[in-house]
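Chemist:
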Amino acid sequence: MGNIQKLNNVEHAQLKIKQSPCEADRVMFSPVYTSEMRALQSNFPLMFYKAPSDGSFTPVALFGFEQGENLFLTDERWTSQYIPMLVQRGPLMIATDGQTETGEPARVIAIDMDHPNVSQDEGEPLFLEFGGNT
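Just so you know, we're using the working numbering here: the sequence shown kicks off at 1299 and counts up by one.
If you want it as structure tokens, here you go:
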């Protein structure tokens, strides 16, 4: 995994996210949520991936037939009408940071600073000039 950091408006004030496809999108398949399968089924072949470590199954959308192949991606954009949620989220994710007062994991927004779409120079800013959310 990359350089995962808890997102905040002080350390990441100048951070921008590029919306264009990148090398991270050039994958053969992506895990998907069951709640999005209705939208996915008319765009991608859906399968179940069996994890070699424990034999568990994960629903996935198939994009290509070889490692690094994505037949639904051009240099400029995705050609499908729908993009799986885990691909759309790009470098952003929900992570845990400690516990709440009830003992539950405290959820925070995190960012993968090594993701190719994270930039200081180009893209959509994550925060407004004075620290507010965009």
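In this text, a Cβ means the ideal position worked out from N, Cα and C, and glycines have one as well.
#1: For a test of the three-state rule: what should DSSP assign to glutamine 1386, helix, strand or coil?
#2: Does the separation of the CB atoms of glycine 1421 and glutamine 1317 fall below 8 Å?
#3: Assuming aspartate 1419 and glycine 1300 make a contact with CB atoms under 8 Å, what is their CB distance in whole Å?
#4: Could you give the residue range of the alpha helix (DSSP H) that holds leucine 1338?
#5: Please work out which residues of its chain come closer than 8 Å, Cβ to Cβ, to isoleucine 1407, disregarding the five sequence neighbours upstream and downstream, and give them in chain order.
#6: Provide the residue span of the beta strand (DSSP E) that contains serine 1318, from first to last.
#7: Just to confirm the assignment, what range does the beta strand (DSSP E) spanning aspartate 1410 have?
#8: I believe serine 1333 touches alanine 1359 by the beta-carbon criterion, under 8 Å. Please report the beta-carbon distance rounded to the nearest angstrom.
Modeler: Here's the rundown:
#1: helix
#2: yes
#3: Wrong, their Cβ atoms sit about 19 Å apart, outside the cutoff.
#4: 1335-1338
#5: Lys1304, Leu1305, Leu1390, Met1391, Ile1392 and Ala1393
#6: Premise fails: serine 1318 is in no beta strand (DSSP E) and is neither H nor E.
#7: 1403-1410
#8: Not confirmed; about 13 Å, so no contact.
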